[in-house]
Amino acid sequence: MERQDQDMVSTHAHDWRSSFQSIVKEALELPFTFEKAFSDKNIRLYSAFHPKHVVKTFADLSAQLFQHPEIWESTYNHFFKETTKLGEYFIRRLWGETPSPHYTPDRKDRRFRDKVWEENPFFDTAKQMYLMLCEAVLHSCTTLHTTDPLLKRKRHFFVRQLLDSCAPTNFIFSNPVVLRALFESGGLNFIHGTERFLSDLNRGKGKLNIASTDTSFFEVGKDLAATPGKVIFQNDILQLIQYAPTTETVQKRPVLIIPPWINKYYILDLKPENSFVKWLVSTGVTVFMISWVKATPHHAHKSFEDYMREGIFDSLTAIHQATKATSANIIGYCLGGTLLLNALAYCLHPKCAEKPKMRVASATLLTTLTDFRDAGDLTILADDEELSHIEKCMAQEGFLNGKILFDTFNVLRANDLIWSYFVDSYLLGKTPPPHDILFWNADVTNMPRALHSFILRNFYRKNLLVQPNALKIRGVPIDLQRIHLPIFMLSTRDDHIAPWKATYTATQFLKSPDLTFVLAGSGHVAGIINPPAAQKYGYWTYNAYPSSAEDWLAYAKETSGSWWPTWRQWLEKYAGGYVSARFPKENLVLENAPGTYVLD
């Protein structure tokens, strides 16, 4: 009898395994079916990720799994074993025991923060089942051998997107927070959620545009970008703002801020209590800000070279005319810093025939990449297929539509920037609160076709900037090692756009007589917009720069609060003394800040 029971168990296990293998086989064949449905002829190009390329990635992954059945069989064995453990865990929880969980969310994962995910045995186990599934599937993808690191990253990225979309928090009956709201509100959360869904769909003109903040709460020029100043110069690609002083004396050397052109400049001039510009002016600095134009088909031909010459060089000439200063300190944020380094290397080459009238005394680089080998998940946009797709998008209009990049950046942090608002808005029926950074994030701009194509191909694809003399601008070879200026580098620890370890590599080849690298807490934006009064995040410093970023962090000293005062103290060394406060000259004033370019 015992022998018969064992045979029966063995038979059922075999049947279960066969069924599992059959399901897996059918699932692996699906991407090949879907791939045939997508082509450039029937897919409108409006996303940075072409559906055909996404499906092709899954098809290639399926083909690899077909060739290596031992991988998914190993995944099955692991899944079966861990499911058994979680089943035992669930029963022990029902009996009133408090066993240690097998799987816990990452500390940054906000999806499972409600206490019910721990207190309720059913939802606790469901959460752990999901986390176990994610771990097993992602492990299977990374186990597959490939000599192409970009393909490996694409596989991991798209599989993670699929897993994120399937999280139990995204569905009504598997999210206890939504069920609680359902019973407490009598279903009003779904009514409000439907209203929000239709409103977002209408605002996106048929394409779901999930609101992350109450956009009616802010007005640019009134609530944001409100630091007093004047537009004193403009050309085809920028307006230059000079801010009014608030102190009797100011540093002799003015400061020019070069923001990235992928967003509008006022990230550095948000609400008064968050404004880096307002704070800097209050410390006795004459501040100039570039406000880039929102590209139109007219700007399609504008290149990286044009942004260097008409952007930085023309701005420095205008600042010289406005202040009569012979030198300036410059801040470059993100790609603004990359542009700044190229401009400096260009001017310092003997073959350079054109130089701005002002000398650069120091450079500050905020979350700036020079080595693009590991530029995070953005690198998946730099393979041949995605580059071709993006260039087709830009060819249609002459520029990259800002909405495409907005959606792309949101996908990079889908749980925080998409699914959390999906749940809050549509399942819980909440109205998103006003948030200045999120308002700015949704205030998109466009980039010229030639400029964006140059960046993707020469930096993200070929990584030419760190190769001495490999990149040429107007025939002048670019070598960053020619830059012998004081440099302050600020990176952020949770940056998903310019990963800090990638930015740190610049410390190994920049020949600065005064190089300072500081690592701030939080991410690409919040880590920068950290006024001293907020007392948030903190930062790390260490005055030696070993080859390994991890080694640097191991020795670095953590300091609480904002990095702003530390940087301002560093800048004081290059102030050039103090002069009477400079107000914008009336004969140069074109209009009041924030100007018209930012309002487009």
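For the sequence shown, numbering that gives the first Met the number 0 begins at 0 and goes up steadily by one.
Glycine is no exception: its CB is placed at the ideal position from the N, C-alpha and C atoms.
Between the region 458 to 465 and the region 371 to 386, do at least 3 Cβ pairs fall closer than 8 Å? yes
Taking its Cβ as the centre, do 16 or more other Cβ atoms sit within 10 Å of residue 91, making it buried, or is it exposed? Working through the sequence shown from its first residue, we reach residue 91 at position 92. So residue 91 ends up on the exposed side.
Could you pull the start and end residues of the alpha helix (DSSP H) that residue 554 belongs to? The residue given as residue 554 occupies position 555 in the sequence shown. Here the alpha helix (DSSP H) through residue 554 covers 548 to 554.
So the beta strand (DSSP E) residue 331 belongs to, where does it begin and stop? As a first step, residue 331 must be located in the sequence shown, where it is residue number 332. That run of the beta strand (DSSP E) goes 326 to 332.
Just reading off the beta strand (DSSP E) that residue 488 is part of, what are its end residues? Along the sequence shown, one-based indexing puts residue 488 at 489. Its beta strand (DSSP E) spans residues 486 to 491.
Using the Cβ count rule (16 or more neighbours within 10 Å means buried), how would you classify residue 356? Within the sequence shown, residue 356 is the residue found at index 357, counting from 1. Classification of residue 356: exposed, given that the 10 Å Cβ count is below 16.
Runs of beta strand (DSSP E) wholly within the region 230 to 279 (minimum 3 residues, chain order): 237 to 242, 248 to 250, 254 to 257
What first and last residue would you give for the alpha helix (DSSP H) that runs through residue 135? Numbered from 1 along the sequence shown, position 136 holds the residue referred to as residue 135. DSSP places residue 135 inside the alpha helix (DSSP H), whose first and last residues are 120 to 142.
What does the Cβ neighbour count give for residue 43, buried or exposed, with the cut at 16 atoms within 10 Å? Numbered from 1 along the sequence shown, position 44 holds the residue referred to as residue 43. For residue 43, the predicted structure reports a pLDDT of 44, less than 50, and the residue's modelled location is therefore unreliable. The matter cannot be settled from this model.
Buried or exposed by the 16-neighbour rule on C-beta atoms within 10 Å, applied to residue 486: Taking the sequence shown and counting its residues from 1, one reaches residue 486 at position 487. When all chains shown are included, residue 486 counts as buried.
To which residues of the same chain is residue 275 closer than 6 Å at the C-beta, ignoring the five residues directly before and after it? By 1-based counting over the sequence shown, the position of residue 275 is 276. So the list reads 267, once near-sequence residues are dropped.
Counting pairs of beta carbons, one from the region 407 to 415 and one from the region 352 to 371, are three or more of them closer than 8 Å? no
Under 8 Å: do the region 583 to 598 and the region 559 to 572 share three or more Cβ pairs, one atom per stretch? no
With contact counted as at least three CB pairs below 8 Å, one residue from each stretch, are the region 252 to 268 and the region 283 to 292 in contact? yes
In three-state terms, what does DSSP make of residue 363? Counting from 1 along the sequence shown, the entry for residue 363 is found at position 364. DSSP places residue 363 in strand when its eight states are reduced to three.
Out of 560, 577, 427, 489, point me to the one whose CA is closest to residue 193's CA. Locating residue 193 in the sequence shown gives position 194, where the first residue counts as 1. For residue 193, the closest alpha carbon among the candidates 560, 577, 427, 489 is that of 427.
Identify the continuous beta strand (DSSP E) that holds residue 500 and give its terminal residues. Residue numbering aside, residue 500 sits at position 501 when the sequence shown is read from its first letter. Careful: residue 500 lies outside any beta strand (DSSP E), inside the alpha helix (DSSP H) at 499 to 503.
Check the Cβ-Cβ distances between residue 125 and every residue of chain D, and say whether any is below 8 Å. Reference to chain D is not applicable here, since this structure consists of a single protein chain.
Please return the same chain residues whose Cβ sits closer than 8 Å to the Cβ of residue 420, not counting the five positions on each side in sequence. What you label residue 420 is simply residue 421 of the sequence shown in a count that begins at 1. Excluding residues within five positions, the ones whose Cβ falls inside 8 Å are 209, 210, 211, 431.
So for residue 588, helix, strand or coil by DSSP? As a position in the sequence shown, residue 588 is number 589, starting the count at 1. Looking at residue 588 - three-state DSSP - the assignment turns out to be coil, as it is neither helix nor strand.
Quick test of your reading: residue 447 and residue 317, contact by CB under 8 Å. State the CB separation rounded to the nearest angstrom. Locating residue 447 in the sequence shown gives position 448, where the first residue counts as 1. Locating residue 317 in the sequence shown gives position 318, where the first residue counts as 1. The pair is not a contact, with the Cβ atoms about 21 Å apart (cut-off 8 Å).
Output yes or no for whether 8 Å exceeds the beta carbon distance between residue 425 and residue 109. The sequence position of residue 425 within the sequence shown is 426, counting from 1. The sequence position of residue 109 within the sequence shown is 110, counting from 1. The answer is no: Cβ separation not under 8 Å.
According to DSSP, residues forming a beta bridge with residue 516: Residue mapping note: residue 516 aligns to position 517 of the sequence shown, counting from 1. BP columns for residue 516 point to 488.
Let me know the secondary structure DSSP gives residue 288 once reduced to three states. Sequence index remark: in the sequence shown, residue 288 carries index 289 (1-based). In the structure shown, residue 288 sits in a strand (DSSP, three-state: E or B).
Three-state secondary structure (DSSP) of residue 167: As a first step, residue 167 must be located in the sequence shown, where it is residue number 168. Note: residue 167 maps to helix in three-state DSSP.
Can you tell me whether DSSP reads residue 222 as helix, strand or coil? Position 223 of the sequence shown, counted from the start, is the residue given in the question as residue 222. Coil at residue 222, not helix or strand.
Start-to-end residues for the beta strand (DSSP E) that takes in residue 540: Along the sequence shown, one-based indexing puts residue 540 at 541. Looking at the DSSP string, the run of the beta strand (DSSP E) that includes residue 540 is 538 to 540.
Any 3 or more C-beta pairs closer than 8 Å across the region 462 to 481 and the region 338 to 351: With the cut-off at 8 Å, the region 462 to 481 and the region 338 to 351 touch.
Name, in chain order, the residues that DSSP records as bridge partners for residue 557. Translated into positions along the sequence shown, residue 557 becomes position 558. 539.
Should residue 608 be labelled buried (16 or more other beta-carbon atoms within 10 Å of its own) or exposed? The requested residue 608 is not part of the displayed model; the chain covers only 0 to 599.
Spatial neighbours of residue 294 within its chain, please: CB distance less than 6 Å, with the 5 preceding and 5 following residues excluded, ordered by chain position. Within the sequence shown, residue 294 is the residue found at index 295, counting from 1. Its chain contains 398, 445, 446, 447 as the residues whose beta carbon lies nearer than 6 Å to that of residue 294, once the 5 sequence neighbours on both sides are disregarded; these appear in chain order.
Rounded to whole angstroms, what's the CA-CA distance from residue 15 to residue 201? Just pull it up for me. Position 16 of the sequence shown, counted from the first residue, corresponds to residue 15. Position 202 of the sequence shown, counted from the first residue, corresponds to residue 201. A caution first: residue 15 carries a pLDDT of 46, below 50, which makes its placement in the model unreliable, though a value can still be read off. Approximately 47 Å between the Cα atoms of the pair.
Pair within 8 Å by beta-carbon distance, residue 526 and residue 504: Working through the sequence shown from its first residue, we reach residue 526 at position 527. Working through the sequence shown from its first residue, we reach residue 504 at position 505. Contact: no.
Kindly indicate which residue of 269, 582, 249 has the alpha-carbon position closest to the one of residue 433. In the sequence shown, the residue the question calls residue 433 occupies position 434. The candidate whose alpha carbon is nearest that of residue 433 is 269.
Candidates 540, 281, 326: closest to residue 244 by CA position: If you number the sequence shown from 1, residue 244 lands on position 245. That would be 281, whose Cα lies nearest to the Cα of residue 244.
Comparing the CB of residue 248 with every heavy atom of the ligand GDP, is any distance shorter than 7 Å? The ligand GDP is not part of the structure shown, which contains no ligands of any sort.
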